[in-house]
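Protein chains in written order, with the UniProt record's numbering: chain V, 1 to 96; chain B, 1 to 96; chain U, 1 to 96; chain G, 1 to 96; chain H, 1 to 96; chain R, 1 to 96; chain S, 1 to 96; chain W, 1 to 96; chain Y, 1 to 96; chain A, 1 to 96. Yeah, the Cβ is synthetic: ideal placement off N, Cα and C, and Gly gets one too. Please read these numbers as outputs of a predicted model, since none were measured by experiment. The next block holds one structure in the form of structure tokens; read it before the comments.
There are 10 protein chains.
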Amino acid sequence: MLFAVKMDVDIPAGLDPDVRADLVAREKAYCQELQKSGVWRHIWRHVGRYANLSVFDVESNDALHDVLWRLPLFPYMRIDVTPLAQHPSDLAAQEV
Amino acid sequence: MLFAVKMDVDIPAGLDPDVRADLVAREKAYCQELQKSGVWRHIWRHVGRYANLSVFDVESNDALHDVLWRLPLFPYMRIDVTPLAQHPSDLAAQEV
Amino acid sequence: MLFAVKMDVDIPAGLDPDVRADLVAREKAYCQELQKSGVWRHIWRHVGRYANLSVFDVESNDALHDVLWRLPLFPYMRIDVTPLAQHPSDLAAQEV
Amino acid sequence: MLFAVKMDVDIPAGLDPDVRADLVAREKAYCQELQKSGVWRHIWRHVGRYANLSVFDVESNDALHDVLWRLPLFPYMRIDVTPLAQHPSDLAAQEV
Amino acid sequence: MLFAVKMDVDIPAGLDPDVRADLVAREKAYCQELQKSGVWRHIWRHVGRYANLSVFDVESNDALHDVLWRLPLFPYMRIDVTPLAQHPSDLAAQEV
Amino acid sequence: MLFAVKMDVDIPAGLDPDVRADLVAREKAYCQELQKSGVWRHIWRHVGRYANLSVFDVESNDALHDVLWRLPLFPYMRIDVTPLAQHPSDLAAQEV
Amino acid sequence: MLFAVKMDVDIPAGLDPDVRADLVAREKAYCQELQKSGVWRHIWRHVGRYANLSVFDVESNDALHDVLWRLPLFPYMRIDVTPLAQHPSDLAAQEV
Amino acid sequence: MLFAVKMDVDIPAGLDPDVRADLVAREKAYCQELQKSGVWRHIWRHVGRYANLSVFDVESNDALHDVLWRLPLFPYMRIDVTPLAQHPSDLAAQEV
Amino acid sequence: MLFAVKMDVDIPAGLDPDVRADLVAREKAYCQELQKSGVWRHIWRHVGRYANLSVFDVESNDALHDVLWRLPLFPYMRIDVTPLAQHPSDLAAQEV
Amino acid sequence: MLFAVKMDVDIPAGLDPDVRADLVAREKAYCQELQKSGVWRHIWRHVGRYANLSVFDVESNDALHDVLWRLPLFPYMRIDVTPLAQHPSDLAAQEV
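In structure tokens, the structure reads:
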């Protein structure tokens, strides 16, 4: 089940640089682990912003919330979730 | 080069049903032709809306505008375009 | 899997009264059928508006879109969907 | 009498962790006590947000304000209240 | 129980003048009847707009919705409802 | 001459508790004094918010600004002012 | 007593040209009559819009509403009113 | 003197095709004449929209309004004007 | 050449009182100097806000930006600029 | 390939003046270097704001993001990017 997820990051300028570096490194590791498991299907940078547009593939709403809540940068993000369905013109879906 | 494209469709209720059916059929054919050529990379339905979230892969801004402008439903859509860049955490991109 | 769904209805004043009455009757029948099957879990009127706040219980995003798309009043509605997850303080959920 | 209540929580990052933990614990206890008394009828997590959508059942506007004002996290919340009425298609209401 | 109610009126220019005159006359009669019964406590014109700010005194959310839904101009209005509670600094309330 | 005034209060969490208590006490005293003099005609709590909806009766725009500017909580408020006129359906006004 | 008034005009394209010309001529005559009487103190065109920014000098809110309500183009305008007070730095005001 | 001008075009679907074609042809001719005279310095298409972002070079606000007001498509446009000044980092400006 | 300029002031509560008093005094002196030179033609207080609506008369966009940029309170303001043109109904303009 | 880029700068008042001066100097140097290389084609000041409207000419979305991300003031900016295409009425484009 797919969801579009937009994440806008806003880390306070005053955050300790080591804390910040650690957060960003853990965010990247967590993101790549979820890519490997097939949950985080796409991630693109929104040009000119500290933001991304992503697509998640999860079992349920609860699974999605659980994944997002554990993002290391969650406290510094605004997240918008859009549930996606198969589009009737989508060739890839019809091949399944 | 990737762009996220959000299309919200609003066909007037008073449109002749045959005209409408023809428009929708041509939209679908055009969409699937662009999927086959690799330009229209993803298309998902926004749940609960007559709308889609898509990802296009084009050579340039001019190419994208040309493709969108020729959508049969263009006069009945509101389109929002977001340029996308490779995200530093994206595993797929690093494999290239 | 639960979703909050907000529906704002805007039927054009010029619609033929019989067409309108038929639409509204079919909407009500469809709504009650979905209540009986357990899909449409709650429906409340938004005070002072031709609008409702509802909660749906479905298997997937695709199932939700399918249900909403077939609403007789769909062409006259603006629909906002919010995916819901279990809240850690929810007693009812813990009893399950 | 029912009200939809949306609560968006924004606890400052700099708040003392013990103070924060105490606030969150008291919020949970208060929430569950109100569930037991039948006032806080539903609570769902808004996926991807530190936010909830709830339904309250109270005697009056004054009773609702009193309940919300005493939320331990009230100073850190933005709250939106929507009064709800019985919907004419609601089967549950007709059974009463 | 008090509610602030904002009504913005937008009658289509093309409406038959007699129909319009009849609607406006019935709206006024209905409004004054509710003032006499104590339900419609205040009504003020929003300067420069075809709009009013009103205060209603009703038994419940259902009663308020019932009153508003039967406004002759309801189909041509956008209505915003704000539930009001007694303010701790209000002298009039303390006198009760 | 009447004005609807909406006041949203946002006192910083870090403000010294004594300073805060003093501000709030002075705000209440000032508010009640203006009620006694007939200037602050109504004050209602906006349910679920640290906010009020009020109606002021003043001689002029300058008089209103002067009254609002001297609110002890003015630096912590966002204020929206709507000028009100007599509504042609208002029975109370016609009695004068 | 001064008010800033912003008027955005939106005359439907389908309006009969003679009706439109008559409305516009009456609007201009009414506007100039109010300028001569000192009520409509300033009128400026908002560059690139069918809109104006004006300043009115009236006795009361009721007087302002009465003047605006009788604008021939009132049914085709959106009007925003901002009450103005004397600014403490205004030299012209201090000379009075 | 430079101004950024954003034009969003919305021609009603029901407009007579010949009238529309004539309007669009006159708009193009007018636009190119103003380019030749140096007034319309830049015009770019906003990708995915029937809209443009332009830069005008005029003597005054009155001159700009006069040019925009005479656009054949003016009645079908929403226009936003932003006055521009020389930027202190602009090399081209410093060369003058 | 005239411009409407709206200034919303937001001085941080934590600013040193002497620094603040000095800023406000310099703002007033600067404002009055510009009134005397005919550049700052009107200044009105927006009732209930720490804000003003002003009209400036300058030679060019660059001149206006230069004047605004040097406002002592510029770093604490949000400024909105609207270019104004002569209105065809303006009697004062026709007298020139 | 052209993009309109709007940059709104908001440097915290509390930033060390030397750090600020260094950031601003590096921003200017970086900006001018990109002008010389033909990437930053236009930069204009938005009158009355600490903001600019710019036009960039780059090979790709990735190139644009890379350039923007390395702006010394990036952490203190809000950036909005609009992809531009050649306009069919643009004479300059036709000359190429």
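Cβ separation of residue i and residue j, assumed to be a contact under 8 Å, to the nearest whole Å
i, j, result
"H:Arg45", "R:Leu84", "7 Å"
"R:Trp40", "R:Ser54", "6 Å"
"R:Leu71", "R:Tyr30", "7 Å"
Closer than 7 Å to chain U by CB, residue i
i, result
"H:Ile11", "no"
Buried/exposed call for residue i, threshold 16 Cβ in 10 Å
i, result
"R:Arg78", "exposed"
"Y:Glu27", "buried"
"A:Gly14", "exposed"
8 Å Cβ cut-off: residues of chain W touching residue i
i, result
"B:Leu68", "Val47 and Gly48"
Chain W residues whose Cβ lies nearer than 7 Å to that of residue i
i, result
"A:Asp90", "Ile43"
Residue i and residue j closer than 7 Å at C-beta
i, j, result
"H:Asp90", "H:Leu2", "no"
"W:Ala51", "W:Asp8", "yes"
"S:Asp66", "R:Gln86", "no"
"R:Val81", "Y:Val47", "yes"
"G:Asp16", "G:Tyr76", "no"
Residue-level contact to chain A via CB, residue i, 7 Å cutoff
i, result
"W:His65", "no"
"B:Ser60", "yes"
is_contact[residue i, chain B] using C-beta, thresh 7 Å
i, result
"V:Leu71", "no"
Listed by chain order, chain V residues near residue i by CB distance under 8 Å
i, result
"A:Val5", "Gly48"
Chain-ordered neighbours of residue i on chain Y, where CB pairs are closer than 9 Å
i, result
"R:Val81", "His46, Val47, Gly48 and Arg49"
Partners in chain A for residue i, counting only beta-carbon separations shorter than 7 Å
i, result
"W:Leu23", "Result: empty, since nearest Cβ-Cβ is about 13 Å, beyond 7 Å."
Proximity test, Cβ basis, 7 Å: residue i and chain V
i, result
"B:Gln94", "no"
Neighbour flag for residue i against chain R, beta carbons, 7 Å
i, result
"H:Leu53", "yes"
"S:Gln86", "yes"
Amino acids of chain U, ordered along the chain, whose beta-carbon sits closer than 8 Å to that of residue i
i, result
"V:Met1", "Ser60, Asn61 and Asp62"
Proximal chain A residues relative to residue i, where beta-carbon distance stays under 8 Å
i, result
"Y:Pro17", "Simply none; closest approach about 15 Å."
Interface flag, residue i vs chain C, CB-CB below 7 Å
i, result
"S:Val39", "Any reference to chain C falls outside this structure, whose protein chains are V, B, U, G, H, R, S, W, Y and A."
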